Amino acid sequence: MTLTTTPATTRVFTEWHDKSLDDALVECRDMVESAEFELVQRWRDQGGKVAGHFQVYFPEEIVHAAGMLPFKVRGAPVEPTDSDSHFGSYLCSILKTSLELALTNTVEMEMFVSHPICDAARNLAAIWGRNTDYPAQILYLPQNPNSAGSVDYLVHEYDRVRRLAEQVSGATITDDDLRASIVVFNENRRLLRELYDIKRETPWLIAAEDAYALVALAGMIPREEHNELLTALLPQIKERGLKKEDRIRVVFEGGFCEQPPFDLIRMLGRTCYVVDDDLLIGLRYITEDVPTEGTPLRQLAESYIDRSSYSPVQHDLRKPKEDMLKARIAGAKADAAILAAAKMCEPGLEEQVTYTHTLDDDEIAYFVSEFEENMSSFDQLELQLETFAENLLFA
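Quick note: the sequence shown uses my numbering, first residue 10, plus one each step.
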């Protein structure tokens, strides 16, 4: 497949250019850790428009085909000073910090799309829309993907998003535009799969926080530019001469929506090899190439239903989540699982119960934990995890 390149006038992330691999990864980490999201502002400064979308999955190809930047709204390491009054204190942090970005104009957008993934998130678009001057809508993904009508229903929902993107961008989105975007995103998904192959097969070649940063950048810069970044760095990562260390291999489960603090991911990488995870799974939700023949919106809908991963917010009888987790653990040849959940996250905390019972039955080791995106102290958690790892290493 021919790699689509980004025109020089629309590049927003050039700090990594002409630098060593280690220095390039530092630049990637710095951009992802920043609470300013300056890469998005650079896009706007060049006249680009931004389509924000909340966790977990969104068909980014649609807004990309309109010439807009799909921005993954995933919270931020900020205090929800302005947004706190819009939500109850018993709700998860990501709702508040995401809205904070909009209320403070830290990230300016032309449209926002949310999803009713839980009782709290189902109200996000309405609250967002009352406090901003651009459209904020809900994309209703099928509650029952096993229904014979789920694909037809989803095509209509995607077409509604297409019409909104046309209205906001001022562009007409043709089927050929959509196919061109699908090609770009297929390449991106292939490169992300290649990154995860490195994590699974040679995890000592890339730190957990570096792998996370490379994925997270996909939600902040044009996909063509992200493809260029991965195409340049992945071969260099594979050629590193780093030696394998004596660590346990773990799967991290629980990062499908609210994201753990960057320092927590860094801490995990010091203690063990994170060989697979569901962090930012929405950016990797489609697991195979989306076909380019036929009607693009239908192909995108069929891919969501039939060529996709799993998460606690999709209820697919063909994909029991406990079985999918066991397959992820087996596929990564992991020694254990870290079953994490964001505080106040009902879907995540509910799945922890199912996961622990299943892993107990199969005698698979696991470590249970909670996190919040703004937590800053990890000493006790690191000590507990080190003890867990040592018990497995010397058992």
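Even glycine gets a Cβ: it sits at the ideal position worked out from N, Cα and C. Please read these numbers as outputs of a predicted model, since none were measured by experiment.
query: Which residue from ASP325, LEU239 and PRO125 puts its Cα closest to that of SER159?
result: By 1-based counting over the sequence shown, the position of residue 159 is 150. Of ASP325, LEU239 and PRO125, the smallest CA-CA separation from SER159 is found for ASP325.
query: Among HIS124, SER156 and MET333, which one has its Cα closest to the Cα of ALA346?
result: Translated into positions along the sequence shown, residue 346 becomes position 337. Looking from the CA of ALA346, the closest CA among HIS124, SER156 and MET333 belongs to MET333.
- prompt: DSSP beta-bridge partners for PHE80?
  reply: The sequence position of residue 80 within the sequence shown is 71, counting from 1. Note: PHE80 sits in a beta bridge opposite GLY61.
message: Only counting the same chain, and skipping five residues up and downstream in sequence, which positions put a Cβ closer than 6 Å to that of LYS253?
response: Here residue 253 corresponds to residue number 244 of the sequence shown, with the count starting at 1. If the five residues before and after LYS253 are omitted, its C-beta is found closer than 6 Å to the C-beta atoms of TRP213, all from its own chain and listed in chain order.
field: C-beta contact flag for TYR149 and VAL177 at 9 Å
entry: Here residue 149 refers to the residue found at position 140 of the sequence shown. Here residue 177 refers to the residue found at position 168 of the sequence shown. The criterion of a C-beta distance shorter than 9 Å is not satisfied by TYR149 and VAL177.
query: Can you list, in chain order, the stretches of the beta strand (DSSP E) that have 3 or more residues and sit fully within the stretch 342-378?
result: 345-351, all fully within the stretch 342-378.
query: Where does MET384 fall in DSSP's three states?
result: For the purposes of this step, residue 384 is taken as the residue at position 375 of the sequence shown. When DSSP states are grouped into helix, strand and coil, MET384 belongs to the coil group.
message: Assuming contact is defined by CB atoms lying nearer than 9 Å, are THR19 and PRO231 in contact in what I supplied?
response: If you number the sequence shown from 1, residue 19 lands on position 10. If you number the sequence shown from 1, residue 231 lands on position 222. It is a contact, given that the beta carbons lie within the stated cut-off.
- prompt: Does DSSP put TYR403 in a helix, in a strand, or in coil?
  reply: Position 394 of the sequence shown, counting from 1, holds the residue named residue 403. Here residue 403 turns out to be Phe, not Tyr, going by the sequence shown. In this structure, PHE403 counts as coil in the three-state DSSP scheme.
task: Give a yes or no on whether the C-beta atoms belonging to LYS352 and ASP285 are separated by under 9 Å.
output: Here the question's residue 352 lines up with position 343 in the sequence shown. Here the question's residue 285 lines up with position 276 in the sequence shown. Pairing LYS352 with ASP285 gives a Cβ-Cβ distance that is not under 9 Å.
message: Considering only DSSP beta bridges, list what VAL284 is partnered with.
response: As a working note, residue 284 is residue 275 in the sequence shown. In the DSSP assignment, VAL284 is bridged to no other residue.
- request: Within 10 angstroms of the Cβ of PRO329, are there 16 or more other Cβ atoms? Answer buried if so, exposed if not.
  value: Indexing the sequence shown from 1 puts residue 329 at position 320. Result: exposed.
message: By the DSSP assignment, the alpha helix (DSSP H) with ILE295 in it spans what residues?
response: For the purposes of this step, residue 295 is taken as the residue at position 286 of the sequence shown. That residue, ILE295, is in no alpha helix (DSSP H); it is neither H nor E in DSSP.
query: Among LEU163, ALA349 and VAL259, which has the Cα closest to the Cα of PHE67?
result: The sequence position of residue 67 within the sequence shown is 58, counting from 1. It is LEU163 whose Cα lies nearest to the Cα of PHE67.
task: Please say whether ILE147 and CYS266 have beta carbons closer to each other than 9 Å?
output: The residue you call residue 266 lines up with position 257 of the sequence shown. The residue you call residue 147 lines up with position 138 of the sequence shown. Not closer than 9 Å, so no.
- prompt: How long is the line joining the alpha carbons of THR13 and SER320, rounded to whole angstroms?
  reply: As a working mapping, residue 13 is identified with position 4 in the sequence shown. As a working mapping, residue 320 is identified with position 311 in the sequence shown. Unreliable positioning characterises THR13 in this predicted model, as indicated by a pLDDT of 43, which lies under 50. A coordinate reading is not provided.
- request: Determine the extent of the alpha helix (DSSP H) in which GLU262 is found, giving its start and end residues.
  value: Looking up residue 262 in the sequence shown gives position 253. Per DSSP, GLU262 belongs to no alpha helix (DSSP H); it is in the beta strand (DSSP E), 258-262.
message: Output needed for ARG38: all residues of its chain with C-beta closer than 8 Å, excluding positions within five of it in sequence on either side, in chain order.
response: Taking the first residue of the sequence shown as 1, we reach residue 38 at position 29. So the qualifying residues of the chain are GLU218, ASP219, ALA222 and PHE271.
query: Is LEU288 closer than 9 Å to GLY264 when the C-beta atoms are compared?
result: For the purposes of this step, residue 264 is taken as residue 255 along the sequence shown, with counting starting at 1. For the purposes of this step, residue 288 is taken as residue 279 along the sequence shown, with counting starting at 1. Closer than 9 Å, so yes.
field: Where MET118 sits in the DSSP three-state scheme
entry: In the sequence shown, counting from the first residue as 1, residue 118 sits at position 109. In this structure, MET118 counts as coil in the three-state DSSP scheme.
message: I'd like the list of long-range same chain contacts for ILE7, defined as Cβ closer than 7 Å, with 5 residues on each side in sequence excluded.
response: Because residue 7 is not part of the residues shown, which for the chain are 10 to 404, the question remains open.
- request: For SER320, name the three-state secondary structure that DSSP assigns.
  value: Along the sequence shown, read from residue 1 onward, the residue named residue 320 stands at position 311. Note: SER320 maps to coil in three-state DSSP.
- prompt: Is it right to say SER43 is buried, meaning 16 or more other beta carbons lie within 10 angstroms of its own, or is it exposed?
  reply: Reading the sequence shown from its first residue, position 34 is the one you call residue 43. SER43 should be labelled exposed.
- prompt: Among all the DSSP beta bridges, which residues are the ones paired with ILE147?
  reply: For the purposes of this step, residue 147 is taken as residue 138 along the sequence shown, with counting starting at 1. Paired residues: SER123.
field: Alpha-carbon spacing of PRO154 relative to LEU133, whole angstroms
entry: The residue you call residue 154 lines up with position 145 of the sequence shown. The residue you call residue 133 lines up with position 124 of the sequence shown. Approximately 23 Å, taken between the alpha carbons.
- prompt: Going by C-alpha distance, which of LEU390, GLU311, PHE96 and GLU399 is nearest ASP128?
  reply: Indexing the sequence shown from 1 puts residue 128 at position 119. Comparing Cα-Cα distances from ASP128 to each of LEU390, GLU311, PHE96 and GLU399, the minimum goes to PHE96.
message: Here's the rule: buried if 16 or more other CB atoms are within 10 angstroms of the residue's CB, otherwise exposed. What is GLY340?
response: Within the sequence shown, the letter at position 331 stands for residue 340. Residue environment analysis places GLY340 among the exposed positions, since fewer than 16 neighbouring C-beta atoms fall within 10 angstroms of its C-beta.
message: According to DSSP, simplified to helix, strand and coil, what is GLY138?
response: As a first step, residue 138 must be located in the sequence shown, where it is residue number 129. Here GLY138 sits in helix by DSSP.
As assigned by DSSP and simplified to three states, the class of PHE194: Numbered from 1 along the sequence shown, position 185 holds the residue referred to as residue 194. Helix, per DSSP.
- prompt: With 16 as the cutoff for other CB atoms within 10 Å, does THR23 come out buried or exposed?
  reply: The sequence position of residue 23 within the sequence shown is 14, counting from 1. Result: exposed.
message: Less than 9 Å between the C-beta atoms of ALA145 and ALA135, yes or no?
response: Locating residue 145 in the sequence shown gives position 136, where the first residue counts as 1. Locating residue 135 in the sequence shown gives position 126, where the first residue counts as 1. Yes, the pair counts as a contact, with Cβ atoms nearer than the cut-off.
query: If we ignore side chains and look at the alpha-carbon of each, how far apart do GLY56 and ILE373 end up?
result: Residue 56 sits at position 47 when you count from the first residue of the sequence shown. Residue 373 sits at position 364 when you count from the first residue of the sequence shown. Their backbone Cα atoms lie some 52 Å apart in a straight line.
task: Pick out the complete alpha helix (DSSP H) segments inside the stretch 216-272, 4 residues or longer, and give them in chain order.
output: Here the runs fully enclosed are 217-225 and 232-247.
Residue interval of the alpha helix (DSSP H) (run including ASP32): On the sequence shown, residue 32 is found 23 positions in, with the first residue counted as 1. ASP32 -> alpha helix (DSSP H) spans 30-42.
Reduced DSSP category for THR23 - H, G, I as helix; E, B as strand; rest coil: Indexing the sequence shown from 1 puts residue 23 at position 14. The three-state reading of DSSP puts THR23 in coil, since its state is none of H, G, I, E or B.
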